[in-house]
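Working notes, structure below.
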Amino acid sequence: MNTARSPIDRQDVRKAMMLAWDPLIADLMQEDATENEDYPSISLGLPLLNPDWQLSTTDLGNRFNDPKQASTILSSTEGVPPEGLTIKVGEYGSEYIDMAQHMVEELTSAGIQTKLERVSTRTFGDEVWVNGNYDIFVGAPLPISSTTGYLFAIHHADGPWNTTGYSNPEIDRLITAQAEEYRPDKRAEILLEIQQKILDGSHRFIIKKRSTYWMWWDYVENFNPMTPRGDSHFLTQVWLSQTES
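Here the numbering used here is used: the sequence shown runs in plain steps of one and ends on residue 245.
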């Protein structure tokens with residue numbers, strides 16, 4: 001959620017928006033879906049080395065799926081633009097579209113007129129990842145491969161990919177502290193504290209995860225995908241051999 005835009009700049013409004021949404025809705029739309037109240041796939045998207053460093057599913061699940069409480073807060077929300085809010089969704093697949101449509105319907109039902117805008121993945125990259133031109137977005141996160149790289153790029157106040165506009169000096173301090181901490185148990189404590197503060201900001205979350213793979217032909221040389229901060233500089237080192245093998 002873009003915390004620079006009204007009324008999303010208010011933390012109570014963002015929390016209420018999350019309460020309006022059911023993270024399981026996209027799964028339940030699938031033919032083979034089954035009910036699961038544990039919300040196992042909700043996360044904040046951090047690429048953590050140890051799954052024990054992840055915030056508990058209870059902490060995450062308690063922030064969603066209470067439409068009655070959400071409506072109580074959102075029905076009296078002021079500062080909504082006359083044209084309402086727009087959820088921008090990238091064309092990454094039907095699950096993204098279904099989830100975005102659910103979010104539109106629930107916010108509108110709660111009293112905030114909301115519409116859906118579907119954009120190509122190319123447009124999504126330019127407008128969301130690079131320029132932060134959105135009210136709320138649904139789509140794939142940047143491909144960042146390290147915990148510290150992810151935190152500095154996306155959650156630090158000066159991060160190049162911090163397009164939500166959310167900042168907290170304490171989060172910045174903790175990001176630096178975990179990067180300098182060599183004791184795994186102590187670093188785990190810091191990372192859990194960081195995640196709790198990010199969750200308290202109520203501006204960014206991931207409700208589903210999946211693995212994707214790089215594939216390339218043998219004649220593509222020097223292709224070493226490294227994305228420590230979502231950078232694509234490695235692509236400038238790629239070249240094609242003269243003969244296909």
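Glycine included, every Cβ here is placed at the ideal spot set by N, Cα and C. Values in this document were obtained by computation on a predicted structure and should not be read as measured data.
Euclidean distance between Cα positions of residue i and residue j
i, j, result
"Ile309", "Gln69", "The chain is shown from 1 up to 245; residue 309 falls before or after that span and cannot be answered."
"Tyr96", "Val89", "7 Å"
"Gly79", "Val138", "22 Å"
"Arg63", "Gln242", "55 Å"
"Gly159", "Asn133", "16 Å"
"Ser76", "Pro47", "38 Å"
"Thr236", "Val220", "13 Å"
"Ser120", "Trp161", "19 Å"
"Thr58", "Asn224", "38 Å"
"Met99", "Glu91", "12 Å"
"Met103", "Asp185", "38 Å"
"Gly125", "Asp52", "31 Å"
"Trp216", "Glu170", "42 Å"
"Ser41", "Gln196", "17 Å"
"Pro82", "Pro7", "12 Å"
"Thr34", "Gly93", "A caution first: Thr34 carries a pLDDT of 46, below 50, which makes its placement in the model too unreliable to give a value."
Spatial neighbours of residue i in its chain, beta-carbon cut-off 8 Å, leaving aside the 5 residues before and after
i, result
"Gln101", "Leu116"
"Glu181", "Arg187 and Ile190"
"Gly111", "Ser71, Leu74, Ser75, Ser76 and Thr77"
"Asn131", "Thr163"
Expected contact under 8 Å - CB spacing of residue i and residue j to nearest Å
i, j, result
"Asp172", "Ala157", "5 Å"
"Ile198", "Gln178", "13 Å between Cβ atoms; not a contact."
"Ile73", "Asp12", "6 Å"
"Arg5", "Asp200", "About 20 Å; that fails the 8 Å criterion."
Beta-carbon proximity of residue i to residue j, cut-off 8 Å
i, j, result
"Thr123", "Gly84", "no"
"Leu44", "Arg204", "yes"
"Ser145", "Lys15", "no"
"Pro141", "Ile206", "yes"
"Leu192", "Ile175", "no"
"Thr164", "Trp129", "no"
"Leu107", "Met17", "yes"
"Leu49", "Thr147", "yes"
Close beta carbons around residue i, own chain, < 6 Å, minus the five adjacent residues each side
i, result
"Leu19", "Asp66, Gln69 and Ala70"
"Asp22", "Asn65"
"Glu127", "Asn133"
"Asp9", "Thr3"
Any non-hydrogen atom of the ligand MG closer than 7 Å to residue i Cβ
i, result
"Thr114", "Of ligands this structure carries none, so the ligand MG is not represented either."
Chain-order list of residues whose beta-carbon lies under 7 Å from that of residue i (same chain, five-residue window excluded)
i, result
"Trp214", "Pro225"
"Trp239", "Glu221 and Asn222"
"Gln54", "Ser43 and Leu48"
"Tyr166", "Thr3, Gly201 and His203"
Quiz prompt | Inside the region 127-197 only - beta strand (DSSP E) runs reaching at least 3 residues | solution = 136-138
Practice problem: Taking only runs that begin and end inside the region 64-90, name each unbroken alpha helix (DSSP H) of 4 or more residues, in chain order. | Solution: 67-74
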